[in-house]
Every structure is written in structure tokens, then in C-alpha cells.
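Scroll down for the structure; my scribbles are underneath it.
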Amino acid sequence: MRIAVCLKRVPDTTTKIVVAADGKAIDETGVKFVPNPYDEYALEEALKLKEAAGSGETVVYCVGGDAAQETIRTALAMGIDRGVLLSATPGADGLEVARALAAELKDGGFDLILFGKLAVDDYNHQVGVMVAELLGLPCVTSVSRLSVASGALEAEREIEGGVEVSTATVPAVITCDKGLNTPRLPSLKGIMAAKKKPLEVKPVSLGTGTIAALGLALPPERQPGKIVGEGPEAVATLVRLLREEARAI
Amino acid sequence: MTTIVAVMEQREGALRKVSLEVLSAARRLADALGGTVDALLCASGTVSGAGDLGRNGADRVLTATHGDFGLYQPDGYAATIAEAGKSAAAIVFAATATGRDLGPRVAARLGVGLASDVTELAVEGGKVVVTRPVYAGKALQRLRLDGTPALLSIRPNTIRPSEAPKSGAATSFPVPTFTPRVKVTGIKAPATAALDVAEASIVVSGGRGLKEPAQFKLLEDLAAALGNAAVGASRAVVDAGWRDHAAQVGQTGKTVSPSLYIAVGISGAIQHLAGMRTAKTIVAINRDKDAPIFKVADYGIVGDLFEVVPRLTAEVRRLRGE
Chain H
16 MRIAVCLKRV
26 PDTTTKIVVA
36 ADGKAIDETG
46 VKFVPNPYDE
56 YALEEALKLK
66 EAAGSGETVV
76 YCVGGDAAQE
86 TIRTALAMGI
96 DRGVLLSATP
106 GADGLEVARA
116 LAAELKDGGF
126 DLILFGKLAV
136 DDYNHQVGVM
146 VAELLGLPCV
156 TSVSRLSVAS
166 GALEAEREIE
176 GGVEVSTATV
186 PAVITCDKGL
196 NTPRLPSLKG
206 IMAAKKKPLE
216 VKPVSLGTGT
226 IAALGLALPP
236 ERQPGKIVGE
246 GPEAVATLVR
256 LLREEARAI
Chain S
141 MTTIVAVMEQ
151 REGALRKVSL
161 EVLSAARRLA
171 DALGGTVDAL
181 LCASGTVSGA
191 GDLGRNGADR
201 VLTATHGDFG
211 LYQPDGYAAT
221 IAEAGKSAAA
231 IVFAATATGR
241 DLGPRVAARL
251 GVGLASDVTE
261 LAVEGGKVVV
271 TRPVYAGKAL
281 QRLRLDGTPA
291 LLSIRPNTIR
301 PSEAPKSGAA
311 TSFPVPTFTP
321 RVKVTGIKAP
331 ATAALDVAEA
341 SIVVSGGRGL
351 KEPAQFKLLE
361 DLAAALGNAA
371 VGASRAVVDA
381 GWRDHAAQVG
391 QTGKTVSPSL
401 YIAVGISGAI
411 QHLAGMRTAK
421 TIVAINRDKD
431 APIFKVADYG
441 IVGDLFEVVP
451 RLTAEVRRLR
461 GE
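Chain order of the listed sequences is H and S.
Read in order, the letters of the first sequence are residues 16 to 264 in our numbering.
Read in order, the letters of the second sequence are residues 141 to 462 in our numbering.
As C-alpha cells, this is what we get:
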């Protein structure tokens with residue numbers, strides 16, 4: 016089984032966001048970057064599926080700058096066979112990233128192309144589905160259970176108040192949600208092996224797209240609230256405030 | 141003529157509440173651009189609530205009827221919306237499980253970008269300008285949508301539905317030919333049939349302070365007493381397997397904007413705060429007076445949650461009983 020995983024380098028989720036001087040991006044000084052957490056489910060699923068199939072290849076693709084090589088090495092350390100960095104600086108339009116990935120993946124002969132359901136930096140929830148549409152492939156998003164057998168797949172995804180069950184044939188694109196699996200940590204042996212695995216760097220040019228980034232700002236600080244009181248005796252006051260002041264109940 | 145397409149959602153033949161928010165957002169764009177609103181429904185038969193869409197600003201209600209449209213049909217819905225919206229000025233989706241799947245499909249088909257999970261929108265110089273939370277709400281991004289149509293999905297609970305009576309003329313819309321690549325075979329009820337945290341107007345969330353999974357019963361009781369409330373959870377208790385991931389609030393869970401958020405036994409890690417800081421009113425109940433959650437809470441009670449929460453539930457019940 017041949018499986019591609021598309022990976023993004025994002026700030027660690029514990030990062031405190033500081034807006035850069037240009038007012039459009041974050042200040043990356045001192046920020047720790049990690050593989051997008053949802054992409055880790057995609058990486059793990061690719062490794063599990065290849066192990067179950069007994070043969071095949073797993074390839075990780077990433078659109079980003081040179082620093083993303085480190086992110087790709089993390090995936091290789093988990094056990095992915097090789098990596099491709101599509102070297103470019105993505106803008107605000109996810110469709111341009113999807114186009115670059117689709118062009119690269121089109122003739123890759125993959126049975127599955129896996130993504131995380133969203134990237135925890137821009138929260139777009141879109142590149143994976145767009146790639147599927149551009150390639151004319153079936154796609155199920157936000158998948159938390161997946162079974163693949165004899166060229167067919169069944170996937171489950173959480174929807175509001177339920178779980179939606181879908182079927183499709185491979186090749187297909189799947190975007191992965193938490194719950195699908197438990198991503199493995201790279202072993203020391205894996206980290207050593209990753210240094211020798213192939214990592215190809217291909218410059219790509221992204222279009223400007225149709226979305227213009229005007230600015231990035233921190234949300235307004237919440238006004239400091241008040242401690243209503245201590246212990247259960249404070250409940251009556253809380254309920255009164257929620258009713259009369261906040262009009263929340 | 142300038143048209144805004146508002147993509148409606150139905151479940152089992154009933155219009156979903158979030159669709160009124162989508163419609164109101166579309167109406168605002170139409171009023172600013174001098175256009176009309178087409179509310180578009182994909183369904184397998186009649187949809188209850190569709191007849192009232194004129195009240196919230198639909199000039200026309202287009203229904204695309206197909207035998208496979210009772211459940212979500214990604215390829216068929218996308219083909220229909222792309223056809224109905226290809227000459228529109230804008231297409232507005234809900235940032236729901238369906239809308240988040242559908243928006244990018246339509247964007248790829250029409251070759252324009254998509255602004256996901258928008259919380260504010262306006263028209264400036266004839267262009268749609270939106271604000272959307274990024275980094276799980278730790279920052280707000282402003283975007284100008286230069287594509288035609290402008291594509292956006294709005295986050296539930298952020299655009300208030302408003303009345304704007306229009307004719308809401310019922311019109312059938314022909315479903316274009318499509319290739320069904322994915323087939324939705326059914327919807328399984330979750331283990332706990334409950335309101336989704338992203339859509340509930342009140343969320344009661346619990347963290348490690350509850351000490352053990354069974355204690356979430358306290359929060360379920362409080363949510364039941366409040367009504368229209370969902371039970372959420374911190375990442376710590378989801379990772380520990382106490383609660384399903386569907387309930388997780390925070391950067392690797394859901395970002396919620398309810399009118400009331402009650403955080404119980406949650407210290408308030410930065411990832412959690414990111415997911416709930418846009419709630420209108422925040423209440424924190426925690427035994428540690430220095431917990432970061434109190435910095436964002438409008439009202440706090442320092443104390444033992446096992447004493448405070450049952451009292452709160454009783455008080456709310458008493459209030460509701462009046």
C-alpha cells in the first residue's frame with residue numbers, strides 16, 4: 016500500500032502569540048514549532064496501514080520554508096519512509112497550497128492521501144478536501160475510525176450529535192481527527208535512521224490566490240472578573256448576578 | 141443582479157438552527173452589496189422550517205431535491221451549490237461538520253479561496269472583509285475576499301439571527317449530474333445523546349478537579365437543570381479517557397462561543413482558554429484561587445466543587461421551578 020501524508024509545521028499549542036511588526040503574522044522569536052497535532056494522527060494511520068498491508072511505501076509532503084525540514088525529519092523518525100519539501104511560503108489562501116500539493120501528488124500512484132483535519136495555526140479545515148476535489152478523489156473529513164480492505168474503505172466521523180458513517184473506494188483522501196489512533200513517539204533508533212532517509216527539496220511557486228491578509232491582532236483582553244465568594248454560600252449571589260447582571264440564565 | 145447564496149442545512153427533514161445564522165449573515169452581505177438572498181437547501185423531500193426562511197431574509201428558497209439528499213451527499217451537495225452559486229457574489233456556509241466538509245469542495249470547484257470559521261463580516265469598498273480566530277482564538281485574522289464568489293463559513297453562535305422579512309418564494313432547483321464518490325450510509329447516535337458543545341448556548345465543562353469520570357454526573361445534572369446546555373471537558377480528562385473527544389474544548393478540541401460557559405475544576409491552561417474565551421459570560425468554580433481560569437472568568441467561586449456544584453444545580457432548579 017502506498018500512502019502519502021501531508022504535514023504542516025505549526026507553533027506548539029502552548030505558544031503565547033505575539034503579533035509581528037508587520038501586523039500580519041506572528042512574531043516567531045522563541046516560538047517552538049512542531050508537526051501539526053492532527054497530522055500526527057495521519058502519520059500514525061499511514062504507518063499502521065502499511066504495517067498491516069505488509070508492504071508499500073509511506074511518503075510525507077510538506078509545503079513550507081527550509082525550517083520545515085526538521086518537521087519532516089520528525090515524521091521520518093516516526094517511521095515514514097521518505098519526505099518531500101515543497102519549498103514555498105504559503106499565504107492566506109489555502110487553495111493555492113492545495114493546488115501545489117495536488118500537482119505533486121497527481122501521478123504519485125497513492126492508494127491513500129492522509130491529512131490532519133485542520134492545522135492548529137490557521138484553523139482552515141480546508142486543504143485536504145481541496146486536494147481531493149482537485150484530483151477528483153473521494154474524500155471523508157475529520158475521520159475518527161477508518162477501515163480499509165480490498166480497495167474499499169469505511170470511515171466514521173463525528174457530526175453534531177452523532178457519528179456519520181461513509182463508504183468509498185480507494186484511492187481516496189482522508190482527513191484525520193483525534194480518536195483515530197494514538198500517535199507513536201519517535202524512538203532513538205528511529206531518530207538515528209531518519210537522518211539517513213531521503214528528503215527531497217523541490218521549489219514550487221504558489222499563486223497569490225483570492226484572499227488578502229489585512230492584519231492579525233490579539234483579541235480584546237477580557238475584563239478581569241470578580242470572585243463572588245468562597246464555598247457553597249456564594250452560590251446564591253452567583254445565581255443572582257447571572258440572572259440580573261449578566262442575564263445569562 | 142447581485143445574489144448571495146446561503147447554504148442551509150437539514151437533518152432528518154428539519155432545518156438546523158445554525159442555518160438561520162447563515163441566512164442572517166447572507167442578508168447582511170446582500171443589504172450592503174445591494175443584492176438578494178437565495179437560501180439553498182439540499183434535501184430528499186420537504187423540510188420543516190423552510191417555509192419560514194423569508195422571515196430571516198431569504199428572497200427565494202431554492203430546494204434541490206434528490207433521492208440521495210436525505211443524508212449528506214458530499215459530491216452531490218457540492219455540485220449543486222457550485223452550480224447555484226457560480227455567478228453569485230458570495231456563498232455563505234455554516235462552519236459545522238457538514239459545512240466544513242462542503243465549503244472547500246465548492247471552493248476547489250469554483251477556483252476561489254474560502255475563509256473558514258468567520259466570526260465577523262462586513263463589506264468594505266465593495267469587497268467582503270471578515271474576521272476569523274486563528275491559533276485557536278489566541279489571535280484574530282482579518283481577510284479581504286477578492287474572489288468571485290466570495291466564499292465564507294460562519295462559526296455557530298457568533299452571528300445572531302435577525303428578522304428581515306422578505307418573500308421567501310419557494311423555488312425548486314435542479315440537481316446537476318454528479319459522481320457520488322463518497323456514500324454516507326447512516327448516522328449512529330453517540331454513546332451519550334447530547335447537545336454539541338460547539339452549538340449549545342450554555343456549556344458546563346469539567347477538568348481534572350472532578351477527580352474521577354463518574355463525577356461528571358454532577359455536571360450533567362447542572363446542564364439538565366440549565367436546559368439547552370452541553371457538557372464539555374478539558375484536554376486532560378479527554379486524554380485520560382474520561383470523556384469523548386467530541387466534548388473537548390480547547391486548541392486540539394472545539395472552540396466554543398456560548399452565551400454562558402461554566403468551568404468546573406479546570407485550572408485554565410492556555411490551550412483551554414483559547415477554546416472558550418469568546419464565551420459571553422464565563423463562570424469558574426475552582427478550589428485554587430490562583431488558577432488562571434479566574435483571570436478570564438466574569439464570576440468566580442473559590443471552593444470545593446463537590447459542594448458548590450450541587451448547590452448551584454439546586455438553586456437553578458429552584459429558579460426554573462418558579
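Note that CB positions come from ideal geometry on N, CA and C, so glycine has one too.
All values derive from a computational prediction rather than experimental measurement.
As assigned by DSSP and simplified to three states, the class of residue i
i, result
"Val436 (chain S)", "helix"
"Gln150 (chain S)", "strand"
"Ser162 (chain H)", "strand"
"Pro218 (chain H)", "strand"
"Ala232 (chain H)", "strand"
"Asp192 (chain S)", "helix"
"Asp257 (chain S)", "strand"
"Ile206 (chain H)", "helix"
"Glu260 (chain H)", "coil"
"Val252 (chain S)", "coil"
"Pro198 (chain H)", "coil"
"Glu245 (chain H)", "strand"
"Ser164 (chain S)", "helix"
"Pro239 (chain H)", "coil"
"Ala251 (chain H)", "helix"
"Pro273 (chain S)", "strand"
Separation of residue j from residue i, as counted between CA atoms
i, j, result
"Val254 (chain H)", "Val442 (chain S)", "15 Å"
"Gly113 (chain H)", "Glu455 (chain S)", "Before going on, a small fix: residue 113 (chain H) reads as Ala here, not Gly. Distance between the alpha carbons of Ala113 (chain H) and Glu455 (chain S): 53 Å."
"Ala505 (chain S)", "Ser407 (chain S)", "Since the first residue of chain S shown is 141 and the last is 462, residue 505 (chain S) is not available in this structure."
"Glu260 (chain S)", "Arg272 (chain S)", "7 Å"
"Ser312 (chain S)", "Ala232 (chain H)", "44 Å"
"Leu62 (chain H)", "Leu200 (chain H)", "12 Å"
"Asp286 (chain S)", "Asp54 (chain H)", "30 Å"
"Thr238 (chain S)", "Tyr212 (chain S)", "7 Å"
"Glu60 (chain H)", "Ile18 (chain H)", "10 Å"
"His206 (chain S)", "Pro153 (chain H)", "20 Å"
"Pro432 (chain S)", "Ala409 (chain S)", "7 Å"
"Glu339 (chain S)", "Leu366 (chain S)", "15 Å"
"Pro244 (chain S)", "Lys157 (chain S)", "22 Å"
"Ala147 (chain H)", "Val155 (chain H)", "9 Å"
Below-7 Å beta-carbon distance, residue i vs any chain H residue
i, result
"Thr220 (chain S)", "no"
"Thr453 (chain S)", "no"
"Gly326 (chain S)", "yes"
"Thr259 (chain S)", "no"
"Gly461 (chain S)", "no"
"Ala365 (chain S)", "no"
"Ser397 (chain S)", "no"
"Ala370 (chain S)", "no"
"Asp286 (chain S)", "yes"
"Gln281 (chain S)", "yes"
"Gly443 (chain S)", "yes"
"Ala172 (chain S)", "no"
"Tyr401 (chain S)", "no"
Short CB-CB distance (under 7 Å) between residue i and chain S
i, result
"Pro198 (chain H)", "no"
"Leu121 (chain H)", "In the sequence under discussion, the amino acid at residue 121 (chain H) is Lys, which differs from the Leu named in the question. Closer than 7 Å: no."
"Glu55 (chain H)", "no"
"Ala261 (chain H)", "yes"
"Ile189 (chain H)", "no"
"Ala249 (chain H)", "yes"
"Tyr138 (chain H)", "yes"
"Leu100 (chain H)", "no"
Every unbroken beta strand (DSSP E) inside the stretch 71–134 of chain H [3 residues or more]:
72–79, 97–102 and 127–131
Those runs of the alpha helix (DSSP H) which lie wholly inside the stretch 377–423 of chain S and span at least 4 residues:
410–416
For the stretch 284–319 of chain S, list the beta strand (DSSP E) runs that are entirely contained and at least 3 residues long, ordered along the chain.
290–294 and 309–312
On the three-pair Cβ rule with 8 Å, is the stretch 268–280 of chain S touching the stretch 22–32 of chain H?
yes
Fully enclosed by the stretch 207–239 of chain S, which alpha helix (DSSP H) runs are 4 residues long or longer?
214–225
With contact counted as at least three CB pairs below 8 Å, one residue from each stretch, are the stretch 415–427 of chain S and the stretch 379–397 of chain S in contact?
yes
Starting from the N-terminal side, write out each stretch of the beta strand (DSSP E) that is 3 residues or longer and does not extend beyond the stretch 347–381 of chain S.
369–373
Would you check if there are 3 or more beta carbon pairs closer than 8 Å linking the stretch 70–79 of chain H to the stretch 181–196 of chain H?
no
Pick out the complete alpha helix (DSSP H) segments inside the stretch 138–185 of chain H, 4 residues or longer, and give them in chain order.
142–150
Would you say the stretch 373–384 of chain S touches the stretch 311–325 of chain S, given that touching needs at least three Cβ pairs under 8 Å?
no
Say whether the stretch 236–250 of chain S touches the stretch 215–228 of chain S, bearing in mind that this needs 3 or more beta-carbon pairs closer than 8 Å, one atom from each stretch.
yes
Every unbroken beta strand (DSSP E) within the stretch 18–69 of chain H, with a cutoff of 3 residues, ordered by chain
24–26 and 48–50
Whether or not the stretch 361–372 of chain S and the stretch 322–329 of chain S are in contact is what I'm after, with contact meaning three or more pairs of Cβ atoms, one per stretch, closer than 8 Å; do they touch?
no
Are there three or more Cβ pairs, one per stretch, closer than 8 Å when the stretch 183–190 of chain S is compared with the stretch 141–154 of chain S?
yes
Decide yes or no for the touch test of the stretch 114–128 of chain H against the stretch 177–189 of chain H: beta carbon pairs closer than 8 Å, at least 3 of them.
yes
Inter-stretch contact (C-beta, 8 Å, three-pair minimum) for the stretch 235–245 of chain H and the stretch 156–171 of chain S:
no
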